[in-house]
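K.L.:
Residue numbers (the working numbering), protein chains in the order written: chain A, 50 to 358; chain B, 374 to 639; chain C, 5 to 290. C-beta: ideal position from N, C-alpha, C; glycine also.
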Amino acid sequence: MNWPQLLVTVVTLGGIFGVVTLALNLQYARGGMINFGIVAYFAIGAYVYAIVTQRGPIGLDQYRFGFDWPWWSGLILAGIAALLFAALTGWPTLRLRGEYLALTTFAFAEVLHSLLLNERRIGNGTVGLANVDRPFSDWGPIEEKYVFAAAAALLLVLTLLAFRRLLSSPYGRALDAIRDDETAALAVGKAAERLRREVFLISAIPVGVAGAVYAMYTTLAQPSLFTAEITFFVWIALVLGGERSLYGVVLGTLGLVLFEEVVRAWPFETVRSAQIAASAEHVLTGLVFIAVLRYQPFQRTVSRLRVAP
Amino acid sequence: MTAIAGQPRERRALLEAAGISKRFAGLQAVGGSEGLSFDVFAGEFVGLIGPNGAGKSTTFDLLSGVLRSDSGAVTFDGRDVTEADPHMHARYGIGRTFQTPRSFESMTVLQNVVAGATNPGERLGAAFGRKWRGGERSATDAAKRILTRVGLADRASAPVSDLSGGELRMLEVARQLIRKPTLLLLDEPTAGVHPGLQDRLAALLRDIHREGMTLLVVEHNLHFLLALADHILVLAEGELIAQGTPADIRVDPVVVSAYLGSDSAA
Amino acid sequence: MLLLQFFVTGVVTGCFLILATIGFSLTRRVEGFLNIAHAELLGVSAFTTWWLNAELGVHVIVAAVVAIAFTALVGLLIARVIYDPIRARGPAVLLITSTGVAFVLGGVIDGLIGTGIRTLQIGLAHRYEVFGIRITSHQLLMVVLAAATSVSLAVFLNRTRTGLAIRAMSANPSLAASRGVNLSATSRATWLLSSSLAGIAGVMLAVVATLTTDLAFAQILQILAVAILAGLGSLYAVIVSGLLVGIAMDVSAFWIPAGYRPLVAFAVVIVVLVFRPAGLAGTRAA
């Protein structure tokens with residue numbers, strides 16, 4: 050097994066998905082919102098990045114738009130697009146709470162997936178948009194994969210710092226108050242609905258940007274990359290990491306990515322054994338998930354830490 | 374209000390409930406045929422009493438925006454607040470506590486009180502800046518003073534799960550005091566509070582009333598309430614059946630039969 | 005005429021959706037949470053039927069009965085071992101846990117069966133044609149089974165002791181307990197019932213569809229659509245909403261590409277949630 054390569058992959062994918070887990074953590078652990086369609090915001094970021102930076106359609110391409118703008122404008126627009134999509138989906142859904150919110154966000158993600166799959170004018174349908182612009186391919190001496198790992202790590206750290214700053218402000222305390230007891234929070238003038246809506250919107254921004262980085266990394270924006278499995282993966286990472294701590298969330302994501310990459314990188318003799326390993330990975334992930342939810346090992350440490358100071 | 378005994382009070386009405394009512398699944402919780410109407414005047418200490426199920430807590434929910442009234446209007450400080458959201462009631466200056474005390478369980482006692490204040494840093498734009506820090510410092514200082522006042526200073530850094538039922542009630546009052554509400558609605562402040570703490574509570578309420586805060590208090594402990602209040606509203610089956618000074622209420626035949634009953638020694 | 009053909013196909017799809025959703029809604033109603041793993045139980049049943057029938061050569065009816073019983077036991081086992089201990093954590097944690105269960109079941113099926121397309125060892129469907137509308141014997145079986153299942157479920161819930169206990173428990177568990185309903189026995193009965201309903205749906209899936217291991221996951225999307233449309237936890241509305249979703253998906257293929265079927269299902273769901281959050285049958289209190 051090629052450990053240095055594995056490490057680079059884990060940092061890159063862990064950074065990208067860590068951002069999504071952080072956003073989910075903000076929505077769920079702080080905002081009390083169950084988003085079962087987080088993959089949609091990620092996909093929006095990837096597609097918008099691809100569309101903004103790619104050249105216009107040629108040959109067999111069925112997509113309509115390609116602007117050939119620089120990569121940084123793609124990143125920014127990916128974040129903005131995810132924000133706008135959050136506004137669009139949040140408007141009807143945020144009145145709903147608990148499982149209804151979970152189901153509507155899930156439904157929105159499925160609608161988007163189906164749209165990307167079938168509407169060839171957006172992104173070539175099932176084929177997807179290949180040849181997504183990789184801006185770091187000519188960065189001289191440093192190998193591209195390291196630049197990617199660094200970029201993903203940087204995105205993760207920036208998101209982490211921004212969230213930490215937000216949560217340690219009175220804004221974060223108001224969120225905690227609403228989560229602990231919404232009625233009591235309202236009685237001291239906390240605008241619960243506004244705060245929840247804002248959290249839903251701003252947490253979508255880094256998810257969109259992460260989607261863009263993911264598209265750069267895979268050089269592909271294809272419906273099959275953005276299925277509900279991503280949503281479940283990120284939820285599992287969130288639960289693994291102990292939902293109340295930002296660092297735990299990042300560790301959980303890195304751990305889960307490492308686990309998956311080790312299974313994936315394992316040299317299997319036959320196709321059948323590789324397939325069994327892939328199934329075993331699902332089973333194990335599911336079992337760990339169930340066990341963590343049941344015994345909440347990290348939760349306890351975290352709540353001890355929280356009361357200590 | 375024609376049939377109700379009691380002399381008119383000559384002051385500015387701070388809170389005016391005019392014909393409010395609430396039905397739950399066909400059951401009238403508050404307000405009969407004409408709805409419930411009463412005034413609370415600025416600077417008054419008003420007691421709201423009535424048997425279980427009289428609609429006292431529902432009335433509080435209507436006054437604080439937790440529930441919307443089916444009819445009528447609530448005016449506070451000259452402003453129609455009937456349709457306002459609950460957090461806006463708090464911002465307009467109506468504070469309240471709850472029948473079962475509520476607290477923010479992930480926070481310490483001190484943080485619970487600081488969280489009561491509204492800080493400009495609760496706006497998204499300001500949260501990333503540094504300007505909220507000044508407000509935070511003064512809120513923390515104020516919270517410490519208030520904790521001393523309610524007798525919880527030594528519990529400041531304890532998690533709320535360590536507090537007794539009575540202490541939780543004190544904490545809830547403290548969290549409202551930091552907001553300096555114009556009108557404070559207290560829902561059964563003595564329930565579950567042991568007698569020693571009750572005396573401290575009585576002294577505290579007397580003090581904040583003297584400092585000018587208007588109080589509307591639901592209380593089952595009539596001994597406690599009648600000693601403090603200037604004016605009593607008596608509710609039964611969602612309707613106002615009597616009002617007047619504590620002295621009037623003690624001898625009012627309607628009240629004695631409808632509410633005090635065997636308990637009339639109070 | 006083609007439109008009418010789509011409509012008929014839609015009714016058949018709807019009948020399948022009723023079978024697939026009714027157990028899910030029963031769980032939601034009695035146990036109080038959304039069991040995402042319900043769809044994987046369809047897979048358990050479908051592949052058990054396939055394995056017995058195609059690999060071991062058991063007659064399809066025997067295979068189906070065994071598969072349904074087996075699925076019921078698997079469902080009960082999962083409930084006892086995984087859901088019951090965390091019941092106190094509330095519906096959100098149960099919902100999230102059930103996605104973990106779905107992962108495990110999906111992985112097990114995937115690992116045991118492997119990739120590839122599979123069909124049962126049964127004769128080709130007989131095809132009937134009435135006034136130019138084609139319908140196969142398998143499709144007719146689906147309709148008959150859905151009707152029979154709905155009716156017998158209604159009779160069961162309204163006439164039998166266990167059925168009445170299930171209804172009492174779903175309405176008010178503490179009241180039911182005080183009136184002498186054995187809650188854990190009733191819960192057991194509910195799991196057996198809802199899982200065997202998944203079993204029946206799974207068998208039908210094996211009959212009408214070619215089986216791939218990711219088939220079960222695709223069902224949860226449609227199950228959710230029907231369940232939300234019905235109003236979570238209501239049973240009779242599942243019949244109407246199953247038919248509505250089925251017809252909407254198939255009839256829409258008359259105008260727009262068939263690939264949009266899931267989009268149609270979920271567009272219906274979103275419209276319903278926005279304008280009528282508690283579903284077709286719902287009261288606002290839900």
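Quick check on the burial criterion: 16 or more other C-beta atoms within 10 angstroms. Buried or exposed for D218/C?
P.N.:
On the third sequence, residue 218/C is found 214 positions in, with the first residue counted as 1. An exposed status is given to D218/C, since fewer than 16 other beta-carbon atoms sit within 10 Å of its beta-carbon.
K.L.:
For A357/A, I'd like the list of residues in its chain whose CB is within less than 6 Å of its CB, leaving aside the five on either flank, ordered along the chain.
P.N.:
By one-based count along the first sequence, residue 357/A stands at place 308. The predicted position of A357/A is uncertain, since its pLDDT is 34 and thus under 50; a value taken from the coordinates is nonetheless stated next. For A357/A, where only same-chain residues beyond five positions count, there are no Cβ hits under 6 Å.
K.L.:
In the DSSP assignment, what are the bridge partners of H604/B?
P.N.:
Reading the second sequence from its first residue, position 231 is the one you call residue 604/B. H604/B is bridged to V419/B.
K.L.:
From R265/C, I232/C and L239/C, pick the residue whose C-alpha is nearest to that of F279/C; which is it?
P.N.:
Indexing the third sequence from 1 puts residue 279/C at position 275. Closest by alpha carbon: I232/C.
K.L.:
Counting along the chain, where does the alpha helix (DSSP H) carrying Q226/C start and finish?
P.N.:
The residue you call residue 226/C lines up with position 222 of the third sequence. Where Q226/C is concerned, the enclosing alpha helix (DSSP H) stretches over L219 to A234.
K.L.:
Helix, strand or coil for Y344/A, going by three-state DSSP, please let me know.
P.N.:
Mapped onto the first sequence, residue 344/A falls at position 295. The three-state reading of DSSP puts Y344/A in helix, counting H, G and I together.
K.L.:
Assuming contact is defined by CB atoms lying nearer than 8 Å, are D560/B and R464/B in contact in what I supplied?
P.N.:
Indexing the second sequence from 1 puts residue 560/B at position 187. Indexing the second sequence from 1 puts residue 464/B at position 91. Result no, Cβ atoms of D560/B and R464/B do not sit closer than 8 Å.
K.L.:
Exposed or buried, what is M5/C when buried is set at 16 or more other beta-carbons lying within 10 Å of its beta-carbon?
P.N.:
Indexing the third sequence from 1 puts residue 5/C at position 1. It counts as exposed.
K.L.:
Out of L7/C, I224/C, F11/C and T17/C, state which residue places its alpha-carbon closest to the alpha-carbon of V148/C.
P.N.:
As a first step, residue 148/C must be located in the third sequence, where it is residue number 144. Minimum Cα distance to V148/C is reached at T17/C.
K.L.:
Mapping the DSSP letters down to three states, classify I614/B as helix, strand or coil.
P.N.:
Taking the first residue of the second sequence as position 1, residue 614/B is located at position 241. Three-state DSSP puts I614/B in a strand.
K.L.:
Which residues in chain C sit within 8 Å of W284/A, going by Cβ to Cβ distance?
P.N.:
On the first sequence, residue 284/A is found 235 positions in, with the first residue counted as 1. Those are I100 and T103, listed as they occur along chain C.
K.L.:
Please compile the residues from chain A whose C-beta is within a distance smaller than 9 Å of the C-beta of S476/B.
P.N.:
To locate residue 476/B, count along the second sequence from 1; it is residue 103. Near S476/B (Cβ distances below 9 Å), the residues of chain A are D229, D230 and A233.
K.L.:
Report the rounded CA-to-CA distance for Y195/A versus Y266/A, giving the unit in angstroms.
P.N.:
On the first sequence, position 146 is the one that residue 195/A refers to. On the first sequence, position 217 is the one that residue 266/A refers to. Approximately 11 Å, taken between the alpha carbons.
K.L.:
Give me the Cβ distance between A76/C and A220/C, rounded to the nearest whole Å; I'm assuming they're in contact under 8 Å.
P.N.:
Against the third sequence, residue 76/C aligns to sequence position 72. Against the third sequence, residue 220/C aligns to sequence position 216. That belief does not hold up - the Cβ atoms of A76/C and A220/C are roughly 16 Å apart, past 8 Å.
K.L.:
Is the beta carbon of L556/B closer than 8 Å to that of G466/B?
P.N.:
On the second sequence, position 93 is the one that residue 466/B refers to. On the second sequence, position 183 is the one that residue 556/B refers to. Yes, the Cβ-Cβ distance between G466/B and L556/B is below 8 Å.
K.L.:
For the region 218-231 of chain C, enumerate the residues whose C-beta is nearer than 7 Å to any C-beta of chain A, in chain order.
P.N.:
L225 and L228
K.L.:
Have a look at V628/B, E417/B and L436/B and flag the residue whose alpha-carbon is nearest the alpha-carbon of V403/B.
P.N.:
By 1-based counting over the second sequence, the position of residue 403/B is 30. Residue nearest to V403/B within the set V628/B, E417/B and L436/B is L436/B (criterion: CA-CA distance).
K.L.:
Please list the residues of the region 267-279 of chain C that have a C-beta atom closer than 7 Å to any C-beta atom in chain A, keeping them in chain order.
P.N.:
Cβ contacts with chain A come from L267, F270, A271, V273, I274, L277 and V278.
K.L.:
Counting contacts by CB-CB distance shorter than 8 Å, is V34/C in contact with chain A?
P.N.:
By 1-based counting over the third sequence, the position of residue 34/C is 30. Output row for V34/C: interface = no.
K.L.:
Helix, strand or coil: how does DSSP classify T276/A here?
P.N.:
Walking along the first sequence from the start, residue 276/A turns up at place 227. Here T276/A sits in coil by DSSP.
K.L.:
Does any residue of chain A have a CB that is nearer than 8 Å to the CB of D114/C?
P.N.:
Start at 1 with the first residue of the third sequence, and residue 114/C comes out as number 110. Judged by the 8 Å Cβ criterion, D114/C is in contact with chain A.
K.L.:
Give me the residue from F418/B, T587/B and G428/B with the minimum Cα distance to R396/B.
P.N.:
To locate residue 396/B, count along the second sequence from 1; it is residue 23. R396/B has its Cα closest to that of G428/B, out of F418/B, T587/B and G428/B.
K.L.:
Chain A beta carbons: is any one of them nearer than 8 Å to that of P626/B?
P.N.:
Along the second sequence, read from residue 1 onward, the residue named residue 626/B stands at position 253. By this cut-off, P626/B is not an interface position.
K.L.:
Closer than 7 Å, Cβ to any Cβ of chain A: which residues of the region 487-516 of chain B, in chain order?
P.N.:
Residues passing the 7 Å Cβ filter: A488, G489, T491, N492, G494, E495, L497, A500, F501, W505 and E509.
K.L.:
Between V306/A and L62/A, which are expected to be in contact by the criterion C-beta below 8 Å, what is the C-beta distance as a whole number of angstroms?
P.N.:
Numbered from its first residue, the first sequence carries residue 306/A at position 257. Numbered from its first residue, the first sequence carries residue 62/A at position 13. The Cβ separation is near 5 Å, so the contact holds.
K.L.:
Can T31/C and V230/C be called in contact, C-beta distance under 8 Å?
P.N.:
For the purposes of this step, residue 31/C is identified with residue 27 of the third sequence, where counting begins at 1. For the purposes of this step, residue 230/C is identified with residue 226 of the third sequence, where counting begins at 1. No.
K.L.:
D560/B bridges to which residues according to DSSP?
P.N.:
As a working mapping, residue 560/B is identified with position 187 in the second sequence. Its beta-bridge partners are V591/B.
K.L.:
What are the boundary residues of the alpha helix (DSSP H) that includes Y264/C?
P.N.:
On the third sequence, position 260 is the one that residue 264/C refers to. Where Y264/C is concerned, there is no enclosing alpha helix (DSSP H), given that its DSSP letter is neither H nor E.
K.L.:
Using only CA atoms, which one of G263/C, A73/C, R171/C and R192/C lies nearest to R183/C?
P.N.:
For the purposes of this step, residue 183/C is taken as the residue at position 179 of the third sequence. When only C-alpha atoms are compared, the closest one is R171/C.
K.L.:
Just tell me which of V607/B, S406/B, P619/B and R579/B has its CA closest to the CA of V627/B.
P.N.:
Numbered from its first residue, the second sequence carries residue 627/B at position 254. Here the closest residue by C-alpha is V607/B.
K.L.:
Can you give me the Cβ contacts of V97/C inside the same chain, cut-off strictly under 8 Å, excluding the 5 residues immediately before and after it?
P.N.:
Your numbering for residue 97/C matches position 93 in the third sequence. Around V97/C: I90.
K.L.:
What is the residue span of the alpha helix (DSSP H) that I393/B lies within?
P.N.:
The residue given as residue 393/B occupies position 20 in the second sequence. Counting along the chain, I393/B falls outside any alpha helix (DSSP H), though it belongs to the beta strand (DSSP E) covering A386 to F397.
K.L.:
Considering only their Cβ atoms, is the gap separating R170/A from R113/A smaller than 8 Å?
P.N.:
If you number the first sequence from 1, residue 113/A lands on position 64. If you number the first sequence from 1, residue 170/A lands on position 121. In contact: R113/A and R170/A (Cβ atoms closer than 8 Å).
K.L.:
Any residues in the region 147-177 of chain C with a beta carbon nearer than 9 Å to a beta carbon of chain A? Which ones, in chain order?
P.N.:
none
K.L.:
Which class does T448/B belong to by DSSP, given the choice of helix, strand or coil?
P.N.:
As a working note, residue 448/B is residue 75 in the second sequence. In the structure shown, T448/B sits in a strand (DSSP, three-state: E or B).
K.L.:
Are the region 116-131 of chain C and the region 234-245 of chain C in contact at 8 Å, needing three or more beta carbon pairs?
P.N.:
no
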